[in-house]
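Residue numbers (my numbering), protein chains in the order written: chain F, 14 to 800; chain A, 1240 to 1588.
Written out as structure tokens, the structure reads:
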């Protein structure tokens, strides 16, 4: 809402108050503003009269003007098509600075000296969208009443400030100058002056020509008056300037008056060309009508949520939103039927959502003071009589079911003190209500009479807020609530997520955070039924992702293409999917690529590969207490994985995720990823840490190598070794693989034997070794390498 | 005979002068002190001497032996330390060469800030609770006093899955879910992702993180909200930071408060960081609206509460001077690498 300071000043005297102070006080009572601007900021402007105007000899377009600016007569070259002798114009003299830091200097144009510039309104800084085409193309033609030497900004009412408020959704009352005046009155304790609504009436009656029937309760009030013989012309300058200041483009006196009254009162009006209407005005729901051609010349479908104003035959307006093309006020209009009405907020909202959000509809949506509707109607009559020579007909078409009496709300002093936590006195509370123009009875147990214009106040808490905001929170002293002393807690999920983040970052991975919404189709699998957004903003943010690997792969590509080749990242996040309703789980995923560890000078280089990734996954699971409970099983994997360099991860025989290389068709470079379902791990219990004594007895190292077919996995041999060595096996590791040409390979193991109660003899160890060899050779097609 | 001893001594003294390594020294030792060494060679001669002479000779031979031995030991020590020095010098490396760095991982800046905020409130006795991001309209709006077609819904343009299901636009639905499950006092915070149908630009993101706070009790007031937020602001932005309350409007609170903190860059004097206002907008809050309490099973005549909603990106942007919210979600490692620090050392003033 753009508030013109001059406009506001008409209703409450603020002439002694600095506009910045006013804006800050408004901010302190809860009305945020975005900016404070001057309507036209140029200085050194003066009204001039063109005494002479002749064509420049060397140019078709330029004119040489002699301009009287009272103290002197200036020669000015002007390029505007409409400059002519006798015109009153705005002159920017030498030294003037126009918007855009445009400094006016003496110059020679094609040999002739020019001592200033004759200005258009655009050049004065008025927004293009608020000007008529003639004010954009040519210089501004002042009316004859402007006197040479006068300040044109003052004459044009452009000596104004505009505070652009960002109003909260509850304060529909502030979408009017009168509402603003009441708000400012609560701050400064000054009186609000209501505008003149007097007019004369001729003997013709509106009821001679029109009747009214309201068929729907979605129209709570419909008031109409007839004004005859209007003369359509330009509005007086103050009306035009105030509309411009408020961000509305002036059209002609009649249209401008309807907007002007809306700005003043917050009550949108609609003017119909009375001669284009049938006599029976009928307000009804859209059920019986198919469409309406609105004044923007668009045929719009009508539905049963639309409230329609009709003349019984055709719709003449989508109530509260837009009138019909046929009944619009035109330059030939003589007689006007003025509508001042109130419609159901929700219906106006639904209609405006499909048609157009306008100044009018946004006021209807937020609600309008029931006491202002008739006032606005009369104010429009007053202005039409005064500025459009209109003749107001007797009588009024009226349907009015609005509650108009003050709302009576009770609140006690202790309610106020307890909610605000403030030691405010009864006297201070009463002072606030009085400043707000609310009547108060029964001091202590207040009975507050709230005028209907304050649609936002309904319950005692609303009154408490009024006391708080007008009294001010500056002196509110903060204190901590008194509660039982305890430390708060994290959720189980929260703790596991925290652990996952810490372990993976300790393993050298950087955490990424990605968007939930993703493309519907991508190379990475969705594992469940998708949740799809019904109103997406774009194709690439349409579906809730189920796969963090896809996001990490995008991050990898982004970084790689920017020269960051070593990307080690992870993400922990909820994913959402359909499963008898809506379900979610927590996933953790990682991506490792490029060189994990390197020092070229020292010739150290550890490249990302399957085994490094596997190590990270194992360390991750070990640190969660799952050592010895996981296994890797090769099986069919999602097709974004390399089919022979990837594996499934199981814990306690439950599938928890995947690990492996991104399919080479997706990435030229070797990129490794893993993904683990943390929600599944969440269900597991682990044994607490129980410390055992370190064995005092020495251990014995034994190596053994078997030759097996290439297809046999090392883990298969390991199983048998473990079975035999059992409790004597302190550690087991593969230390060498050698591939022979005949399709076999040698797998060499290092084993450490020991016992916690004694020193093992060499004989015992050899015996154990032989048993192991027997077991392996018996069960697997394997031969001891030495044999 | 004595002369022989003196002669050997002189010879030794002469020879040892030119010794500069342990090997030669050992040879010298053998030459003089060995079983067949020069000194030992003299001892058979003793039998030809008179008793008096025997004693005298024996004594001088012993003294010479000791002297030689000592000189050899002294030199050995010297030579050994010299050799060690040389060996160490040979092992000298260029310490200015590049190090071998294990990759240093770390959490995302949003996680960092989220944890910092969580810890502040957990230490004040708040429980951390979580709620779903795919949420019902009922919880996200209706039970927060925002019925369908309420104009205030415009401020939160929403991603809908269908008429009743949406991506939550705020963490506030967790308030409702928590109240419905609880009786009596509540002290919770609820961090998480939220979504609004805004085009992404430097100050808007269709996905962002909030932390919701909710306190319900019998005597809770706005003063408690202020006290709590003062405590929070001091811990997160520094002890000089002041909290300012500005009246505002949210459908789920009454009174509603917009909270500003004094600019921690200029200490409230006004600078470019705070657009010369001395204050920075930080969060929305207020006393829980009686309708919200009622709809969640709390009697507003008995219980009161305050709630607040804080943007994690907003805090991170202020704290670290980040100017574009999209940076959080691009995961450009050149950006993220700036957050590889722990917080053990205090920042400079």
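Backbone N, C-alpha and C fix where the C-beta goes; we use that ideal spot for every residue, glycine too.
- With its beta carbon less than 7 Å from one in chain A, residue 550(F) belongs to the interface.
- Residue range 76 to 81 is occupied by the beta strand (DSSP E) that includes residue 81(F).
- Counting only Cβ-Cβ distances below 7 Å, residue 183(F) has contacts in chain A at 1488, in chain order.
- Separation of residue 1574(A) and residue 1566(A) (C-alpha to C-alpha, rounded to the nearest whole angstrom) is 7 Å.
- According to DSSP, residue pairing for residue 267(F) in a beta bridge does not occur.
- By the criterion of a C-beta distance shorter than 7 Å, residue 17(F) is surrounded in its chain by 173, 175, 255, 258, 259, once the five residues flanking it on both sides are discounted.
- Every beta strand (DSSP E) stretch that sits fully inside the region 1422 to 1489 of chain A and reaches 3 residues is listed by chain position as 1425 to 1434, 1446 to 1456, 1482 to 1489.
- Chain A has a Cβ within less than 7 Å of the Cβ of residue 547(F).
- Taking every protein chain shown into account, the CB of residue 1341(A) has fewer than 16 other CB atoms within 10 angstroms, so this residue is exposed.
- Listed along chain A, the residues sitting closer than 8 Å to residue 554(F) by beta-carbon distance are 1445.
- Against chain F, the beta carbon of residue 1572(A) has neighbours under 7 Å at 523, 572, 577, 580, listed in chain order.
- Taking 7 Å as the CB threshold, residue 362(F) lines the interface with chain A.
- In the DSSP assignment, the residues bridged to residue 353(F) are 236(F), 282(F).
- In the three-state reduction of the DSSP assignment, residue 691(F) falls in the helix class.
- Annotation for residue 577(F): no beta strand (DSSP E) segment contains it, and DSSP assigns it neither H nor E.
- In this structure, the straight-line span from the alpha carbon of residue 564(F) to that of residue 686(F) is close to 11 Å.
- Judged by DSSP secondary structure, residue 475(F) falls within the alpha helix (DSSP H) whose first and last residues are 473 to 484.
- For residue 1332(A), there is no enclosing beta strand (DSSP E), since its DSSP letter is neither H nor E.
- The Cβ atoms of residue 583(F) and residue 603(F) sit closer than 7 Å to each other.
- The region 94 to 110 of chain F makes contact with the region 48 to 67 of chain F: 3 or more CB pairs, one atom from each, lie closer than 8 Å.
- Look at residue 159(F) here: in three-state DSSP terms it is coil, with no helix or strand label.
- Secondary structure note for residue 1545(A): its beta strand (DSSP E) is the uninterrupted segment 1543 to 1550.
- Residue 1366(A) places its beta carbon less than 7 Å from that of residue 501(F).
- In this chain, residue 1504(A) is not harboured by any alpha helix (DSSP H), its DSSP state being neither H nor E.
- According to the DSSP assignment, residue 593(F) belongs to no alpha helix (DSSP H), since it is labelled neither H nor E.
- With respect to residue 1554(A), residue 1352(A) sits close: the two C-beta atoms are nearer than 7 Å.
- By the C-beta criterion, the region 342 to 357 of chain F is judged to be in contact with the region 379 to 389 of chain F, since at least 3 inter-stretch pairs fall below 8 Å.
- Exclusion of the five residues before and after residue 524(F) leaves 514, 517, 518, 582, 583, 584, 585 as the residues of its chain whose Cβ lies within less than 8 Å of its Cβ.
- The beta carbon of residue 358(F) lies closer than 8 Å to those of 377, 378, 379, 380 in the same chain, with the five residues before and after it left out.
- By the criterion of a C-beta distance shorter than 6 Å, residue 206(F) is surrounded in its chain by 24, once the five residues flanking it on both sides are discounted.
- Residue state for residue 168(F) is assigned as helix, using DSSP reduced to three classes.
- According to DSSP, residue pairing for residue 771(F) in a beta bridge does not occur.
- For residue 1470(A), the C-beta contacts it makes with chain F under 9 Å involve 491, 493, in order along the chain.
- Around the C-beta of residue 704(F), fewer than 16 other C-beta atoms lie within 10 Å, and the residue is accordingly described as exposed.
- Here the alpha carbon of residue 315(F) sits roughly 9 Å from the alpha carbon of residue 301(F).
- Leaving aside the five residues that flank residue 1276(A) on each side, the residues in its chain whose CB is nearer than 7 Å to its CB run, in chain order, 1269, 1270.
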